[in-house]
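**Student:** Just passing along the structure, written as structure tokens.
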Amino acid sequence: MGFRLLILLLSTLPLLAHSGGFASVDAVMSNIKPRDVSGSADVYAIQFKFGTAMNEAGTLAGEFRAGLGLGSDNHRGERYEMDRYFGTYLRAQFPSHMPLRPYGMLGVTRVETTRGTRSNNINDMSLGLGVEMELDHKVFVSLEYLRAADRSKGEVSNIGLGVGARF
């Protein structure tokens, strides 16, 4: 219920937007750490982010992101895959006129993984930190860390490097 409510609330963000939107494509390394075994697996994904500023200074934004897994990793004889993930986030950041902009994120993520032949779906609150660097007025690169999920089923953390544009 909470996940659906957050999606509904964030879907109204374009109506509140003052200073335009942004989109980004990121290469992501995901660390999957199941709770019932020691160790972890590193898998890769491509992530698409879309968002909009909620105030004129661009210090508060809402975004949606979706990622698709690429490849798999083996750990202790089992194959791990990142199937897909998606989520909505609120993002607090420094003003848009700064060339280097740190930001923090809070949101909800659904992560779908496969371990061996079993699928595992985790819904959880997510926290993240990142930084954007402007290449010019409309184009930026970003580096971020996102703790996508940390539940009894397992933990999923993402490190992403991407390029994006403001419109």
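With the first letter of the sequence shown counted as 1, position 45 gets the number 136 in this note's numbering; the numbers rise by one all the way through.
Cβ atoms here follow ideal geometry from the backbone N, Cα and C, with glycine treated the same way.
Source: prediction; values computed, not measured.
By Cβ distance, which residues of its chain are closer than 7 Å to Arg170, with the 5 residues on each side in sequence left out?
**Tutor:** Hits under 7 Å: Ser163 and Gly207.
**Student:** Apply the 10 Å Cβ neighbour rule to Leu252 and answer buried if 16 or more other Cβ atoms are within range, or exposed otherwise.
**Tutor:** Exposed: under 16 other Cβ atoms inside 10 Å.
**Student:** Could you check what DSSP says for Asn146 in three-state terms: helix, strand or coil?
**Tutor:** Of the three classes helix, strand and coil, the one that applies to Asn146 here is coil, per DSSP.
**Student:** Using 8 Å for Cβ pairs, my map puts Tyr180 next to Ser217. What's the rounded Cβ distance?
**Tutor:** Sure, about 7 Å apart at Cβ, within 8 Å.
**Student:** Just grab the DSSP bridge partners of Lys124 for me.
**Tutor:** According to DSSP, which records beta bridges pairwise, Lys124 is partnered with Glu246.
**Student:** CA-CA distance, Asp241 and Met196?
**Tutor:** Going by the C-alpha atoms only, they are around 15 Å apart.
**Student:** Tell me whether Val134 is buried or exposed, calling it buried when 16 or more other Cβ atoms sit within 10 Å of its Cβ.
**Tutor:** By the neighbour-count rule (16 or more Cβ atoms within 10 Å), Val134 is buried.
**Student:** Would you please state the rounded distance, in angstroms, between the beta carbons of Thr200 and Ala144? I believe it to be under 8 Å.
**Tutor:** The pair is not a contact, with the Cβ atoms about 21 Å apart (cut-off 8 Å).
**Student:** What would DSSP say about Phe185, mapped onto helix, strand or coil?
**Tutor:** Of the three classes helix, strand and coil, the one that applies to Phe185 here is coil, per DSSP.
**Student:** For Arg156, is the classification buried or exposed, using 16 other Cβ atoms within 10 angstroms of its Cβ as the cut-off for buried?
**Tutor:** So Arg156 counts as buried.
**Student:** Taking only the alpha-carbon atoms, compute the straight-line gap between Glu172 and Thr205 and give it to the nearest angstrom.
**Tutor:** When rounded, the distance between both Cα atoms is 5 Å.
**Student:** Helix, strand or coil, according to DSSP, for Leu62 in the structure here?
**Tutor:** The question about residue 62 has no answer here: the residues shown for the chain are numbered 92 through 258.
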